[in-house]
Amino acid sequence: MPQIKRKYPEYKWVYSKVLQMVLRNLDGNYKSFFALWKNGDASARPPNYKGKNYFTTLCYNQSGFALESYTISFSHNHPSKTKLDFDISHYPLKKEAQRIKQVEIFTKKDKWFTSITYEIQEPEYEDNGKYQAIDLGILNIVSAVNLDGKFIQIKNRRADLYWKKKLKEVQSKRDHCKKYSRRWKKYHQKFCKMKTKCANQLKDFQHKVSKQVVENTKANTIIVGDLGVKTMARKKKPTTSSRQNKAHRTLNHSLQNTGSVGRFVQFLTYKAQKMGKRVIRIDESYTTQTCAKCGKRVKRELSERDITCDCGHRMDRDLNSAINIMVKVLNSDELSHQPSLKEESFLCKWKGFSTIHSPKICPPANA
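According to my numbering, the residues represented by the sequence shown are 44 to 410, in order.
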């Protein structure tokens, strides 16, 4: 670092720990790339070179900043001596905030943000013997079942479908303009604004659903099926069936544009931790293809929304998957406290509900 500062004196303007954090992040990115590459991930790419117009996130780790009332100030050595302050009165720190661990400054869509990471005291997890299994999906963002055989199903809000046509119209107008011209910049700004609004709507919906799930369940242990979205979204080899090729394209679009499933699990996890609950991720392979009643496995197309088996079992495929996830975790060693409820008695409980039409969106209820 001292050699770089001698060669490029402008680096002295930046707080020293910020530069160290940039190098640590770069080192972590390269290690992640090589790890993925060694594991045979063909989509892995090394960190790209960033031009002079690219703003690197500034990370202040435990020092270099001061918090006074509702203003956070950052230190720097720029000759202009301009104050680098952020007003956080609209989002004050919570009373339970203890020690600030890290503060970041970053830009997104021509707007500036600061991210504050601080410690809070979380309640300890206690296994109360109640569990809820959740199957995550595209059509239904949450399909859940608990040990009492109660179902909860929440439809996914497809804000991306609403904005898709509007974004294409603006993008088409922008592409017909000379790049970086006044009209091009006008449409590009409008395009970015619409895309940001779409992303914010998806994120807001995930926040609301994850909060609803955590607050309205008596279970202290929430089991979530691990979708493996990265593997599902990989480009598949084209087949002779145009219908199947279209289904693959639709699946990839839905996976990439309905909001990150991994992000939803993160929201669910940290909200559960704040309430003294625990989220367990379990492999959900074949849970959709397997009949929850007799265990027979049949490969099914994505268009088949109901499971119909030779044993007479008929159920929504997402709820069927949630039941299989619950049975899978009951038969594993994932739980610290194994409930006295065995697989057979659990199947008898939900068996009585299989004849009832599953609700499209279940109102908030203690499940």
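Note that beta-carbon positions come from the ideal geometry of N, C-alpha and C, so glycine has one too.
Under the three-state reduction of DSSP output, residue 304 falls in the helix class. Between residue 64 and residue 101, the alpha-carbon positions lie close to 8 Å from each other. For the pair residue 313 and residue 307, the Cα-to-Cα distance works out to about 10 Å.
Assignment of residue 338 by DSSP, reduced to helix, strand and coil, places it in the coil class. Between residue 112 and the set 119, 130, 125, the nearest pair of CA atoms involves 130.
Going by C-alpha positions, residue 211 is about 42 Å away from residue 121. Taking one beta carbon from each stretch, the stretch 156 to 173 and the stretch 231 to 246 have fewer than 3 pairs nearer than 8 Å; the two do not touch. DSSP links residue 103 through a beta bridge to 146. By the Cβ neighbour-count rule, residue 77 is exposed, with fewer than 16 other Cβ atoms within 10 Å of its own. Inclusion of residue 365 and residue 187 in the CB contact set at 8 Å is warranted, their separation being smaller than that value. In terms of Cα proximity to residue 89, the closest of 108, 99, 69, 105 is 69. Shortest Cα-Cα distance from residue 373 to any of 145, 173, 136, 256 involves 173.
DSSP places residue 131 outside both helix and strand once states are collapsed to three, so it counts as coil. DSSP places residue 184 inside the beta strand (DSSP E), whose first and last residues are 183 to 189. Scanning 354, 342, 371, 358 for the CA closest to the CA of residue 327 turns up 371. Rounded to whole angstroms, residue 107 and residue 71 show a C-alpha spacing of 23 Å. Within the same chain, and ignoring the five residues on either side of residue 175 in sequence, the residues whose Cβ sits closer than 6 Å to its Cβ are 187, 189, 260, 262, 265.
Take residue 357, set aside five residues on each side of it, and the residues of its chain with a beta-carbon closer than 8 Å to its own are 349, 350, 351, 397, in chain order.
Under DSSP, residue 158 takes part in a beta bridge, and its partners are 147.
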